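Chemist:
There are 2 protein chains.
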Amino acid sequence: MRNAGEDALFGSNQAEVGDMTGEAFAAALERFSQWVVAFRGRVGELPVMSRVAPGEVSAALPVAAPLRGEPVEAWIADLDRLIVPALTHWNHPGFMAYFGITGSGPGILGELVTAALNVNGMVWKTSPALTELEQVVMGWYARAMGLPTSWFGMITDTASTSTLVALAAARERAWPGARENGLAGAPELVLYCSQEAHSSVDKAAIVLGLGARNVRHILSDDEFRMRPDVLREAIVADLAAGRRPMAVVATVGTTSATAVDPVPEIAECCAEHLLWLHVDAAYAGSAAVAPEFRWALAGCERADSLVANPHKWLFTPIDCSALFLARPADLASVFSLVPEYLRTDTGAAVNLMDYSFQLGRRFRALKLWFVFRAFGTEGIAARIRAHVELARRFASWVDRHPGLERLAPRHFSTVCFRVRGVGDESEDELGARNERVLAAVNATGEVFLSHTKLKGRTCLRIAIGNLATDEVRVRQAFDLVVEHAQLQPVQPGT
Amino acid sequence: MRNAGEDALFGSNQAEVGDMTGEAFAAALERFSQWVVAFRGRVGELPVMSRVAPGEVSAALPVAAPLRGEPVEAWIADLDRLIVPALTHWNHPGFMAYFGITGSGPGILGELVTAALNVNGMVWKTSPALTELEQVVMGWYARAMGLPTSWFGMITDTASTSTLVALAAARERAWPGARENGLAGAPELVLYCSQEAHSSVDKAAIVLGLGARNVRHILSDDEFRMRPDVLREAIVADLAAGRRPMAVVATVGTTSATAVDPVPEIAECCAEHLLWLHVDAAYAGSAAVAPEFRWALAGCERADSLVANPHKWLFTPIDCSALFLARPADLASVFSLVPEYLRTDTGAAVNLMDYSFQLGRRFRALKLWFVFRAFGTEGIAARIRAHVELARRFASWVDRHPGLERLAPRHFSTVCFRVRGVGDESEDELGARNERVLAAVNATGEVFLSHTKLKGRTCLRIAIGNLATDEVRVRQAFDLVVEHAQLQPVQPGT
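The listed protein sequences derive, respectively, from chains W and S.
Just so we're aligned: 415 in the numbering used here is position 376 of the first sequence, and the numbers increase by one with no gaps anywhere.
Just so we're aligned: 194 in the numbering used here is position 155 of the second sequence, and the numbers increase by one with no gaps anywhere.
See below:
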């Protein structure tokens, strides 16, 4: 069917770099595979935190795309020269800021296959295995955490999206007809979470039209757990003022201190007031794959929805967030909307577009499937356990050092601590000093820690979650803190 | 630092499949690379549309994850046995449903590197090159489409998210303080789009608390373009009723007919009424990389926001949606919210979390960078042009066949057509007959087309966007329609 005219039409570019059919693609994939293997081998020797200044990368790149295709070696050269030095390396064994994560080998292989398949699970029919594997693997994950296997699970990009989507369903329950009529004429709908809850809760309230001021950040106790008594008082006060309580977001593993809110009491309170209970277990949910950490999810079986992120502590490359719903119909009642061009007749099949505002859906389940199959749940549990043990050791070193103090209990793989104040040092001065220590430690490039505030006190955080992080690296982080705080060094092994 | 006790702690699993350090990962990557190369070589021979029944894949998988890790060959065997036959192959040259897409070689390589780096661009500091490359590549894309290079660009997962985020900013402008106070006490805010607009507009209205009933689906003209006179009437009517018009979503390349709304007139109307103008150019935006299709974006320079999707017609694996803002401060005024644990002191650096509700951010810019560098803008334009030419030929075949008719003008690479009615066949009967033809054509596995309705008339759609689609395949689609509609065959070449 091709003829000379058409060959001219497709242009001389056809045979060039772009399409990469057949052998050209195979060769390029081999070249990039070598790059990836080499990168993984050397990442631990790179500075964890990037040292570039703002604007450096932009300034080094042309303002326009090239007119003609460039060979693979040109991109690789720029990747090495411009990009890698300007990254903060999350897949580095010294990355212990925020929450340590791992783009594991099996996860990377999953992403490769996902990109090559390039399927889109808008509806069941547009890739049945995408929808079904997603549901199956969510079942595996729920079961592995000891959560109800009757729950409906789906994958979203981030916990921010999972929480937003869940709270949209909560809004519909609190103000039936919100979907159709909007919030004009509605009372103020109120959302409750602890002082320590993630900012995604506030952002969900903004997006959903509840208003940031209608998020009550409930006082937490000395261990940074939401206080159910204060929660109850807040609900009663809002009711008395004519506002409508809508949902409570409990956190299992808060972002700063990894505190675990008292979910059983909160669930009881939600039941009394008919409030939606959403649990943010983005970080700590995966810990429950190891049975000894299942206590953290106590009461969660009473939740209406729960989010846990495989891309945090389940060795899955970002992005991959798991949203579980006790009653998926709650979600479909908000989001199901089938335009003619997406109408399909596949009976009882689940069409995942009915459960979210996002229509396009990557085949994210594949990488998570590979992770489960590569590690097995016992293998995952062993690694979670090892990370927790490393954090326990770090905490014990802090506890034994007179110049350091811990600012929160250690439940999982995260430790909050600081350099102690001296003399009449004010809280502000002490905070600034700790930030200087942090900056100096991170400037070494050996490790990367982060900071937070707990009840107004600045603290440093170490969060272990990378599979390549070992005790040598964790001890190095400790020694660097001691060194840059100009504290008395500790003998190794003590 | 390791000792015997710790080795026991890490468990015997440590050396097994899971982590895939060093050579084990290299070997597995080589194995999967071979798989991917082979898959790309044979995908054109697979049935495009999956033939499984609902539940088949789920039933073939265990209900729980394995306890112990399994070797790579076991996952590959299941991938071949269970997953591939149960996918509808979007990366197949015969995939011409919805919008044809391509997970191109360069894009796949980008995804591989992204997964291996596994960085998260929450803020500039957490991976400077992610943020800066994203901004640079968005600049390349805007420039390539002839859009204002002063615009601020960012990448989101899907057009649904891009539109939602843009309309959150529009809501804030229409009802200042919505972020803080929510919509309780607000008037009804109204959104305008054409009858042909994508369902993501309705979903955004639901999520944002506007209510689905406050979306006005403005009548379109005979060529499925929004009618500005009807838009003006609707705005005036809403104002008279005490409602507050908020934004207009104009579509450049509607989902069904790829119609182009008259953006210059719509922009004029928005200026008069101080309404936010959001342009949905998810599909057709990329066409403008070829200068002869730039007419489609006329007037868009006056938009407040615009979405175009590289994962549609720019050969980039899903997901990758580009959101452009004329004034990014509009977005930051809604979304900027900096918790202590994410506070950084990097001066003028852009922190992309300030522009969305999503905190986590994959390094999606990398694959788009590779695509631009592999093809060059001239190479992209040549391929866009070739797809359009294929669609033009398909349309001409339809036009010349007495048993077929076109139902919409062809502007880009999509053709809407149907088998003509016979005798006293009703519209319903004719629609059902066309659906049966579609089902029969798709059941062959050679091509995959989709359907839609235009002004109540069922039509078939062919949408060309895969780099491997050639005239042989497009002609095959045409011949299959003719055959399964039991029409008179046409001689090749006519």
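Glycine residues also receive a C-beta, built at the ideal position from the N, C-alpha and C atoms.
All values reported here derive from a predicted model rather than from experimental measurement.
1) Can you tell me whether A207 (chain W) is buried or exposed? The criterion is at least 16 other CB atoms within 10 Å of its CB, across all chains shown.
2) Please list the terminal residues of the continuous alpha helix (DSSP H) segment that includes F402 (chain W).
3) Does any CB atom of chain W fall closer than 7 Å to the CB of Q397 (chain S)?
4) On the three-pair Cβ rule with 8 Å, is the stretch 421-438 of chain W touching the stretch 234-242 of chain S?
5) Between the stretch 322-342 of chain W and the stretch 290-297 of chain W, do at least 3 Cβ pairs fall closer than 8 Å?
6) Closest to F456 (chain W) by C-alpha separation, out of W:D261, W:R445, W:E468, W:L313, would be which residue?
7) Residues in its own chain within less than 6 Å of A136 (chain S) by CB, not counting five upstream and five downstream?
8) What ranges does the beta strand (DSSP E) occupy inside the stretch 141-197 of chain S, keeping only unbroken runs of at least 3 residues that lie completely in it?
9) Would you be able to state if there are at least three C-beta pairs under 8 Å between the stretch 215-232 of chain S and the stretch 236-254 of chain W?
10) Residues of chain S with CB closer than 7 Å to the CB of S97 (chain W), please, in chain order.
11) Just the C-alpha distance for L313 (chain W) and W190 (chain W), rounded to the nearest angstrom, thanks.
12) Tell me whether the stretch 354-374 of chain W and the stretch 161-170 of chain S touch, counting them as touching only if at least three CB pairs, one residue from each stretch, are closer than 8 Å.
13) Indicate the three-state DSSP secondary structure (helix, strand or coil) for F517 (chain W) in the structure shown.
14) Since D117 (chain S) is in the alpha helix (DSSP H), which residue starts that stretch and which ends it?
15) Would you please verify whether the beta carbon of P187 (chain S) is less than 7 Å from any beta carbon of chain W?
16) Can you tell me which of W:L148, W:T141, W:I140 puts its alpha carbon nearest to the alpha carbon of F71 (chain W)?
17) What are the residues in the stretch 227-252 of chain W lying within 8 Å of chain S by C-beta distance?
18) Looking only at its own chain, which residues have a Cβ that is under 8 Å from the Cβ of V246 (chain S), when we skip the five neighbours before and after it?
19) Using a 10 Å radius around the Cβ and a threshold of 16 neighbouring Cβ atoms, would you call P349 (chain S) buried or exposed?
20) Thinking A223 (chain W) and E227 (chain S) are a contact (beta carbons under 8 Å), I'd like their distance in whole angstroms, please.
21) For the putative contact between A273 (chain W) and A209 (chain W), defined by C-beta atoms under 8 Å, what is the C-beta separation to the nearest angstrom?
22) How would you write the range of the beta strand (DSSP E) that I501 (chain S) sits in, first residue to last?
23) Kindly list, in the order they appear in chain W, the residues whose Cβ is closer than 7 Å to that of V76 (chain S).
24) Which residues mark the beginning and the end of the alpha helix (DSSP H) in which A136 (chain W) is found?
25) Can the beta-carbon of W163 (chain W) be found less than 7 Å from the beta-carbon of T385 (chain W)?
26) Considering only C-alpha positions, which residue in the set W:E84, W:D261, W:I140, W:A479 is nearest to S452 (chain W)?
27) Anything in chain W within Cβ reach of F363 (chain S), meaning under 9 Å, just list it in chain order.
28) Report the partner residues of D343 (chain W) according to the DSSP bridge assignment.
29) May I ask you to report which of helix, strand or coil DSSP gives A286 (chain S)?
30) Smallest Cα separation from V75 (chain W): which of S:L68, S:I305, S:V76, S:L443?
31) Using the beta-carbon of each residue, which ones in chain W are nearer than 9 Å to T297 (chain S)?
32) Any beta carbon of chain S sitting closer than 7 Å to that of R22 (chain W)?
33) Could you tell me the alpha carbon to alpha carbon distance between L100 (chain S) and V410 (chain W), rounded to whole angstroms?
34) Given a cut-off of 7 Å, decide if A205 (chain S) and H317 (chain S) are closer than it, judged by their beta-carbon atoms.
35) Quick check: the stretch 436-444 of chain S against the stretch 510-524 of chain S, are there 3 or more CB pairs under 8 Å?
36) Since I believe R283 (chain W) is in contact with A554 (chain W) (beta carbons under 8 Å), could you give me their beta-carbon distance rounded to a whole number of angstroms?
Modeler: For this structure:
1) So A207 (chain W) counts as buried.
2) Note, F402 (chain W): premise wrong, no alpha helix (DSSP H); not H, not E.
3) Contacts with chain W at 7 Å (Cβ-Cβ) include Q397 (chain S).
4) With the cut-off at 8 Å, the stretch 421-438 of chain W and the stretch 234-242 of chain S do not touch.
5) The stretch 322-342 of chain W, when compared against the stretch 290-297 of chain W, does touch it at the 8 Å Cβ threshold.
6) Residue W:R445 is the option with its Cα nearest to F456 (chain W).
7) Counting only Cβ-Cβ distances below 6 Å, and skipping sequence neighbours, we find F487, L488, S489.
8) As far as the stretch 141-197 of chain S is concerned, its whole beta strand (DSSP E) runs of at least 3 residues are 191-195.
9) Touching, yes.
10) What S97 (chain W) touches in chain S: E171, Q174, V175.
11) Their backbone Cα atoms lie some 20 Å apart in a straight line.
12) Taking 8 Å as the limit for Cβ pairs, the verdict is that the stretch 161-170 of chain S does not touch the stretch 354-374 of chain W.
13) F517 (chain W) sits in a helix when the DSSP states are folded into three classes.
14) First-last of the alpha helix (DSSP H) with D117 (chain S): 111-117.
15) P187 (chain S) does not count as touching chain W.
16) Closest by C-alpha distance to F71 (chain W), out of W:L148, W:T141, W:I140, is W:L148.
17) Contact residues of the stretch 227-252 of chain W toward chain S are E227, L228, H237, S238, S239, D241, K242, A243, A244, I245, V246, L247, G248, L249, G250, A251, R252 (C-beta to C-beta distance below 8 Å).
18) Same-chain partners within the cutoff: L203.
19) Only buried fits P349 (chain S), as 16 or more other CB atoms lie within 10 angstroms of its CB.
20) Between E227 (chain S) and A223 (chain W) the Cβ distance is about 4 Å, and since that is below 8 Å, they are a contact.
21) Contact flag wrong, Cβ pair sits at about 17 Å.
22) Looking at the DSSP string, the run of the beta strand (DSSP E) that includes I501 (chain S) is 496-502.
23) Chain-order list of chain W residues neighbouring V76 (chain S): F64, A65, L68, by C-beta distance under 7 Å.
24) It is not in any alpha helix (DSSP H) - A136 (chain W) carries neither H nor E in the DSSP assignment.
25) W163 (chain W) places its beta carbon less than 7 Å from that of T385 (chain W).
26) Ranked by Cα distance from S452 (chain W), the first of W:E84, W:D261, W:I140, W:A479 is W:I140.
27) Simply none; closest approach about 16 Å.
28) In DSSP, D343 (chain W) forms no bridge with anything.
29) Annotated three-state conformation of A286 (chain S) is strand, per DSSP.
30) For V75 (chain W), the closest C-alpha among the options S:L68, S:I305, S:V76, S:L443 is that of S:L68.
31) Per Cβ cutoff of 9 Å: no residues; T297 (chain S) is ~12 Å from chain W at best.
32) Residue 22 (chain W) is absent from the model: chain W starts at 40 and stops at 533.
33) Between the C-alpha atoms of L100 (chain S) and V410 (chain W) there is a straight-line separation of about 15 Å.
34) Pairing H317 (chain S) with A205 (chain S) gives a Cβ-Cβ distance under 7 Å.
35) Counting Cβ pairs under 8 Å, three or more are found: they touch.
36) With chain W running from 40 to 533 in the structure shown, residue 554 (chain W) is simply not present.
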